[in-house]
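All residue numbers for the sequence shown refer to my numbering, where the first residue is 444 and numbers rise by one.
Report on one structure; see the data block that follows.
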Amino acid sequence: MSKNYTQFLPVSDKVMVKDQFNELPLSIMEFDNSSKWKNAYFEQLPEEKRRSDDAKYLAGYGMSEFNSGLCEFILKYWSMKNSIVVDPFAGRATRAIISTKLGRKYYGYEVSPSTYSRSLEHYKKLNISPTLYLEDGCRMENIDNDFAHLVMTCPPYSSLEKYESVPNQLSDLSYEKFLERIYLCAENIKRVLVPGGFCCWVCANWREPSGFRQFTTDSINIFKSTGLISHDEVILKNNSPFAALQAYKCACKRITSKIHETLLVFKKSGHLDLNGLECDTLYESNEFFG
């Protein structure tokens with residue numbers, strides 16, 4: 444007989460947890476980019492490639508994409524159908540598409556006009572209409588207070604990957620200025636979350652010529668300073684193609700090659716009102732895209 448635990452969101456005691464959420468909720472997880480979400484991704488443009496087609500190693504390697512399996516798990520584990528999902532850094536459409544297909548109401552922000560236009564075109568091809576603003580996601584000025592059940596996002600990693608240079612583009616900033624913008628974003632995440640709502644923030648640490656950037660720790664400190672509750676963290680194992688290539692360099696410097704990101708989960712204090720929300724249907728068809 445199941446123990447009577449307090450449930451922040453509904454959990455069935457009649458169905459295995461893995462069957463309800465596609466995965467066991469563990470502190471270290473690895474996700475495949477599920478083939479059922481293949482249409483959630485953009486095609487890489489030539490100018491988006493981080494390595495040329497004739498490079499000796501990893502020829503044609505492109506920009507990073509948000510993992511579709513991770514996205515599905517976050518949505519099913521920390522939200523319900525009809526939940527409002529806000530994404531301050533919408534990027535390349537993946538989270539918008541999967542959120543919408545799983546019955547969530549998605550509101551995203553993008554500062555790059557080219558990415559914004561490509562996202563709208565991609566939505567149209569899939570016959571969906573999530574809301575996307577061509578505005579500053581750190582401010583989220585279109586979003587009311589106490590509006591979102593879930594904030595799900597992955598911010599740019601400062602200048603680690605360079606994106607289109609436009610106003611409010613975080614990849615154009617020094618790390619110190621970048622953190623100032625992250626603090627503004629965290630304040631507004633707390634503002635837009637409903638009481639009891641969750642924020643799922645995917646981040647990582649990295650190295651620059653100027654030093655080792657512990658962005659995960661900085662994120663925790665920033666979010667806690669806003670009054671949000673540090674609720675959980677998950678180590679996300681990545682199959683980085685760079686790990687083997689830079690093994691000798693790492694050994695010379697006695698450093699390690701980073702093959703993980705971290706999913707930080709924060710919670711706004713209060714009780715989550717489940718009125719109007721529904722549990723996900725178990726054993727859904729994989730045919731999400733007709």
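Where is the CB? At the ideal position from N, CA and C, for every residue including glycine.
**Report entry** One or two residues paired with D675 in a DSSP bridge
**Finding:** Within the sequence shown, numbered from 1, the residue matching residue 675 stands at position 232. According to DSSP, D675 bridges with V708.
Query raised in the report: Which partner residues does L575 have in the DSSP bridge list?
Result: Counting from one through the sequence shown, the residue named residue 575 turns up at place 132. Its beta-bridge partners are G551.
Query raised in the report: For L469, does the count of other Cβ atoms within 10 angstroms reach 16, so buried, or fall short, so exposed?
Result: Counted from its first residue, the sequence shown places residue 469 at position 26. Classification of L469: exposed, given that the 10 Å Cβ count is below 16.
Requested in this report: Would you check if the stretch 564-573 and the stretch 595-602 touch, i.e. whether three or more CB-CB distances between them fall below 8 Å?
Outcome: Touching, no, given that fewer than three Cβ pairs across the two stretches are closer than 8 Å.
Requested in this report: Mark I541 as exposed unless 16 or more other C-beta atoms lie within 10 angstroms of its C-beta, in which case mark it buried.
Outcome: By 1-based counting over the sequence shown, the position of residue 541 is 98. Result: buried.
Report task. Take N510 and list the residues in its own chain whose beta-carbon comes closer than 7 Å to its own, dropping the five residues that flank it on each side. Result -> Here the question's residue 510 lines up with position 67 in the sequence shown. Closer than 7 Å at the Cβ level, and outside the excluded window around N510, lie F474 and N476.
Report task. Could you tell me the boundaries of the beta strand (DSSP E) in which T596 lies? Result -> For the purposes of this step, residue 596 is taken as the residue at position 153 of the sequence shown. Run containing T596: A591 to T596, per the beta strand (DSSP E) assignment.
Requested in this report: Output yes if chain C places a C-beta closer than 8 Å to the C-beta of D475; else output no.
Outcome: Protein chains in the displayed structure number just one, and chain C is not present.
Query - Cross-strand partners of K680 (DSSP beta bridge) - result: The sequence position of residue 680 within the sequence shown is 237, counting from 1. For K680, which the question treats as bridged, DSSP gives the partners H703.
Report task. State buried or exposed for T537, treating a residue as buried only when at least 16 other CB atoms are found within 10 Å of its CB. Result -> For the purposes of this step, residue 537 is taken as the residue at position 94 of the sequence shown. Around the Cβ of T537, a 10 Å sphere holds 16 or more other Cβ atoms; the residue is buried.
Query raised in the report: Distance, Cα to Cα, L688 vs S700?
Result: Start at 1 with the first residue of the sequence shown, and residue 688 comes out as number 245. Start at 1 with the first residue of the sequence shown, and residue 700 comes out as number 257. Their Cα atoms are separated by approximately 10 Å.
Query raised in the report: When the Cα atoms are used, what is the spatial distance from Y606 to Y576?
Result: Here residue 606 refers to the residue found at position 163 of the sequence shown. Here residue 576 refers to the residue found at position 133 of the sequence shown. Approximately 17 Å between the Cα atoms of the pair.
Query raised in the report: Relative to the alpha-carbon of Y550, which residue among E564, S557, D530 and Y566 has its alpha-carbon at the smallest distance?
Result: Position 107 of the sequence shown, counted from the first residue, corresponds to residue 550. The shortest Cα separation from Y550 among E564, S557, D530 and Y566 belongs to D530.
Report task. Out of I527, I632 and E508, point me to the one whose CA is closest to K710's CA. Result -> Taking the sequence shown and counting its residues from 1, the one referred to as residue 710 is at position 267. If we check each option's Cα against that of K710, I632 comes out closest.
Query - F658 to F685 span [Cα, whole Å] - result: In the sequence shown, counting from the first residue as 1, residue 658 sits at position 215. In the sequence shown, counting from the first residue as 1, residue 685 sits at position 242. If you draw a straight line from the Cα of F658 to the Cα of F685, it is about 20 Å long.
Query raised in the report: In or out: K544 buried (at least 16 other Cβ within 10 Å) or exposed?
Result: Within the sequence shown, numbered from 1, the residue matching residue 544 stands at position 101. Per the 10 Å Cβ criterion, buried.
Query - Contacts around C628, its chain only, beta-carbon distance under 6 Å, and the 5 residues preceding and following it disregarded - result: Position 185 of the sequence shown, counted from the start, is the residue given in the question as residue 628. Closer than 6 Å at the Cβ level, and outside the excluded window around C628, lie P531 and C581.
Query raised in the report: Quick one: what does DSSP say G534 is sitting in, helix, strand or coil?
Result: For the purposes of this step, residue 534 is taken as the residue at position 91 of the sequence shown. DSSP, reduced to helix, strand and coil, places G534 outside both helices and strands of the structure shown, so it counts as coil.
Report task. Drop a sphere of 10 angstroms on the beta-carbon of H714, count the other beta-carbons inside from all chains shown, and report buried for 16 or more, exposed for fewer. Result -> As a working note, residue 714 is residue 271 in the sequence shown. Answer is exposed; the Cβ neighbour count stays below 16.
Requested in this report: Under the assumption that R535 contacts E515 (Cβ atoms under 8 Å), give the Cβ distance between them as a whole number of angstroms.
Outcome: Within the sequence shown, residue 535 is the residue found at index 92, counting from 1. Within the sequence shown, residue 515 is the residue found at index 72, counting from 1. R535 to E515, Cβ: 16 Å. No contact.
Query raised in the report: Starting from F666 and walking both ways along the alpha helix (DSSP H), at which residues does that stretch end?
Result: Start at 1 with the first residue of the sequence shown, and residue 666 comes out as number 223. Note, F666: alpha helix (DSSP H), F658 to S668.
Query - Under the three-state DSSP convention, the category C695 falls into - result: The residue you call residue 695 lines up with position 252 of the sequence shown. For C695, the secondary structure class from DSSP, reduced to helix, strand or coil, is helix.
Query raised in the report: Does DSSP classify K481 as helix, strand or coil?
Result: For the purposes of this step, residue 481 is taken as the residue at position 38 of the sequence shown. Helix, per DSSP.
Query raised in the report: What do you reckon, are the CB atoms on N546 and H592 nearer than 8 Å?
Result: If you number the sequence shown from 1, residue 546 lands on position 103. If you number the sequence shown from 1, residue 592 lands on position 149. Note that residue 546 corresponds to Gly in the displayed sequence, not to Asn. 8 Å or more divides the Cβ of G546 from the Cβ of H592.
Report task. Look up R624 in the DSSP assignment and say whether it is helix, strand or coil. Result -> Sequence index remark: in the sequence shown, residue 624 carries index 181 (1-based). R624 sits in a helix when the DSSP states are folded into three classes.
Query raised in the report: Distance, Cα to Cα, V528 vs N611?
Result: In the sequence shown, the residue the question calls residue 528 occupies position 85. In the sequence shown, the residue the question calls residue 611 occupies position 168. Roughly 22 Å separates the two Cα atoms.
Query raised in the report: What does a CB cutoff of less than 6 Å around L467 pick up in its chain, not counting 5 residues either side in sequence?
Result: Walking along the sequence shown from the start, residue 467 turns up at place 24. Excluding sequence positions up to five before and after L467, its CB lies within less than 6 Å of the CB of K461, all in the same chain and listed in chain order.
Query raised in the report: Alpha carbon to alpha carbon, how far is Y500 from I517?
Result: Here residue 500 refers to the residue found at position 57 when the sequence shown is read from its first residue. Here residue 517 refers to the residue found at position 74 when the sequence shown is read from its first residue. The predicted position of Y500 is uncertain, since its pLDDT is 47 and thus under 50; no value can be drawn from it.
Query raised in the report: In terms of residue numbering, what span does the alpha helix (DSSP H) encompassing C642 cover?
Result: For this step, residue 642 is matched to residue 199 along the sequence shown. Unbroken run through C642 is the beta strand (DSSP E), L636 to C646; no alpha helix (DSSP H).
Query raised in the report: By Cβ distance below 7 Å, which residues in the same chain neighbour P663 in space, the five residues on each side in sequence not counted?
Result: Working through the sequence shown from its first residue, we reach residue 663 at position 220. The residue you asked about is not Pro; residue 663 is Ile in the sequence shown. Excluding sequence neighbours, I663 sits near S673 and L707.
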